[in-house]
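Each remark here refers to the structure printed beneath this line.
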Amino acid sequence: MIERKEALKLVKKYVKTENSVKHMLATEAVMRKMANNFGKDEDLWGIAGLLHDIDMETVDYENEPKKHGPRSVKILKEEGVEDERILNAVLAHNPDAGKGADSLMEKVIRATDPLTGLIVAATLISPDKNINKIDADFVMRRFEEKRFATGASRDIIKTCEDFDMELEKFIELSLEAMQEISDVLGLE
Numbered sequence: 338m339i340e341r342k343e344a345l346k347l348v349k350k351y352v353k354t355e356n357s358v359k360h361m362l363a364t365e366a367v368m369r370k371m372a373n374n375f376g377k378d379e380d381l382w383g384i385a386g387l388l389h390d391i392d393m394e395t396v397d398y399e400n401e402p403k404k405h406g407p408r409s410v411k412i413l414k415e416e417g418v419e420d421e422r423i424l425n426a427v428l429a430h431n432p433d434a435g436k437g438a439d440s441l442m443e444k445v446i447r448a449t450d451p452l453t454g455l456i457v458a459a460t461l462i463s464p465d466k467n468i469n470k471i472d473a474d475f476v477m478r479r480f481e482e483k484r485f486a487t488g489a490s491r492d493i494i495k496t497c498e499d500f501d502m503e504l505e506k507f508i509e510l511s512l513e514a515m516q517e518i519s520d521v522l523g524l525e
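Take 338 as the starting number for the sequence shown in this note's numbering and just add one per residue.
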């Protein structure tokens, strides 16, 4: 399996936008927290989260959403990433790519991807813009505001039920994970 240090080098090679890198780091943190929650391999899950959007600056997601994910897998294979569990999770995170979320890790990464964006958006509208000063209830209220952060698909986030986790618990654990790296995310 690829080491985290090498995975981060790949991210920085292919993704130049700071906020995009932060999104990938947030997804990594949540995936690690979720792996711990389920008693799974934190490194494996974290690497999948870190690499999941490596193609984001090479694919026109708006016009060709089916290419987001498959292009990442192509890049990762070209870079020597061979772990099928990582490749499948990267592919499964985008429902438009056509791969179902079959394994637990695939289901979790699919639900995590939009939730990290919702949490960041909620933080940015909070009075202090500090992720450490918001709680899961605050994020849950934003979740229920249909016009807030419309790019964060509520339907996909709610697929947390597919891995037997209540929405409130999913939000709570994800927020905790992101709070743990608030300095890296620039949200403190």
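For glycine and all other residues, C-beta sits at the position ideal for the given N, C-alpha and C.
Mind checking N425: buried by the 16 CB within 10 Å criterion, or exposed? buried
Assuming A366 contacts A514 under a Cβ cut-off of 8 Å, what Cβ separation, rounded to an integer in Å, is found between them? 4 Å
Would you check if the distance between the CB atom of V418 and the CB atom of I339 is smaller than 9 Å? yes
Give the range of the alpha helix (DSSP H) segment to which H360 is assigned. 355 to 375
For M477, which of I508, K495, D450 has the nearest alpha-carbon? I508
Inter-residue Cα distance where the pair is K349 and A363: 15 Å
Any contact between the stretch 498 to 505 and the stretch 454 to 462? By contact I mean 3 or more CB pairs, one from each, below 8 Å. no
Do the CB positions of D420 and G406 come within less than 9 Å of each other? no
Answer with buried or exposed for G383, where buried requires no fewer than 16 other C-beta atoms within 10 angstroms of its C-beta. buried
Once the 5 residues before and after L413 are set aside, which same chain residues still bring their CB inside 8 Å of it? L347, L388, I391, I423, L424, V427
If you follow the alpha helix (DSSP H) that L413 is in, where does it begin and where does it stop? 407 to 415
Considering only C-alpha positions, which residue in the set N400, V352, S463 is nearest to A434? N400
N-terminal and C-terminal residue of the alpha helix (DSSP H) that E394 is part of: Unbroken run through E394: none, as it is neither H nor E.
Figure out for me which residue from D472, T449, D450, M361 has the closest Cα to the Cα of A459. D472
Starting from the C-beta of N469, find all residues in its chain whose C-beta is less than 7 Å away, skip the five residues before and the five after it, and write them out in chain order. Q516, S519, E525
Of the listed residues T496, S463, K506, N467, nearest to F485 (C-alpha basis): S463
In whole angstroms, what is the alpha-carbon distance linking F302 and D439? Residue 302 lies beyond the residue range present for the chain, which begins at 338 and ends at 525; the question has no answer from this structure.
For M371, which residues in the same chain have their Cβ closer than 6 Å to its Cβ, ignoring the five residues on either side in sequence? V445
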